[in-house]
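Quick note, the sequences are listed as chains P and C, same order.
Using the working numbering, the letters of the first sequence map in sequence onto residues 3 to 100.
Using the working numbering, the letters of the second sequence map in sequence onto residues 3 to 100.
There are 2 protein chains.
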Amino acid sequence: MDIDEIIKALSNPVRREILVWLKDPVTNFPEQEHALELGVCAGKINQRSGLSQSTISSHLAVLQRVGLISSHRMGQWAFFKRNEEAIQAFLDEMNKQL
Amino acid sequence: MDIDEIIKALSNPVRREILVWLKDPVTNFPEQEHALELGVCAGKINQRSGLSQSTISSHLAVLQRVGLISSHRMGQWAFFKRNEEAIQAFLDEMNKQL
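Here is the structure:
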């Protein structure tokens, strides 16, 4: 776990908001047709954010690089979900350190 | 509480280390002559870090600006201590949000 990189990833409010949305996909992405167990489709996250596709792609890439989310590809789609274990490990470390 | 600014402040490992040192001043700054209740003298933090005075000053200024530490001036000395309430409020918010 690279705690510096995780904190940097979290310093952006859009990235924190994506993590919050992914906590409750049923409520936040009810219109997704694919099973939400796979994760949430990048396009849906994009739609909800109102930001450009490239901006959201780069935020998702940052969150994935530091391990806070994981992705699953199926055909032309990319689905993202939280990595609960990594998020909890990070919070535990922050609570311990600070 | 400006959570974005606090996270940015904490993304630097030296700043996190200063907060860790200030958690236990008796152990980490036993050589300080002034009462540790006032806080830890900037010069002592500087010495312990092995970094330049201007680097440490700027790290302390960032931590103070976001409210994680507070300072007390006495003559030529500046003493710093953790703002436990703000640190706890930040951790509570992160635990809740993430």
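Even for Gly, the Cβ is constructed at its ideal location relative to N, Cα and C.
Keep in mind the model is a prediction, meaning the values are calculated, not measured.
Quiz item: Any beta-carbon of chain C closer than 7 Å to the one on Pro-15 (chain P)?
Solution: Answer yes: the Cβ-Cβ gap between Pro-15 (chain P) and chain C drops below 7 Å somewhere.
task = Report the partner residues of Phe-82 (chain P) according to the DSSP bridge assignment.
result = P:Val-42, P:Ser-73
> Do you know how far the Cα of Glu-86 (chain C) is from the Cα of Gln-34 (chain P)?
Replying inline: 43 Å
Beta-carbon within less than 6 Å of His-74 (chain C)'s beta-carbon, same chain only, minus the 5 sequence neighbours each way: which residues are those? Shown here for His-74 (chain C): same chain residues with a beta carbon closer than 6 Å to its own, the five before and five after excluded, namely Leu-40, Gly-41, Phe-81 in chain order.
Practice task
Throw me the rounded Cβ distance for the Asp-4 (chain P) and Val-68 (chain P) pair, which I believe falls under 8 Å.
Solution key: 7 Å
Can you pull the chain P residues whose beta carbon is under 7 Å from the beta carbon of Leu-12 (chain C), in chain order? Ile-9
Point to revise | Buried versus exposed, by CB contacts within 10 Å (16 or more), Pro-27 (chain C) | key: buried
**OP:** Could you give the DSSP three-state label for Val-28 (chain C): helix, strand or coil?
**Re:** Three-state result, Val-28 (chain C): helix.
### Task
Using only alpha-carbon positions, find the residue among P:Gly-77, P:Leu-70, P:Met-96, P:Glu-95 that is nearest to Val-22 (chain P).
Closest option to Val-22 (chain P), Cα to Cα, is P:Leu-70.
| said: Going by DSSP in three states, Val-64 (chain P) sits in which element: helix, strand or coil? | reply: helix
query = Within the present structure, is the beta-carbon of Ala-44 (chain C) separated from the nearest heavy atom of the ligand SAM by less than 6 Å?
reply = As for the ligand SAM, it is missing from this structure, which has no ligand bound.
* Asked: What residue does the alpha helix (DSSP H) around Asp-6 (chain C) start on, and which one ends it?
  -> 5-12
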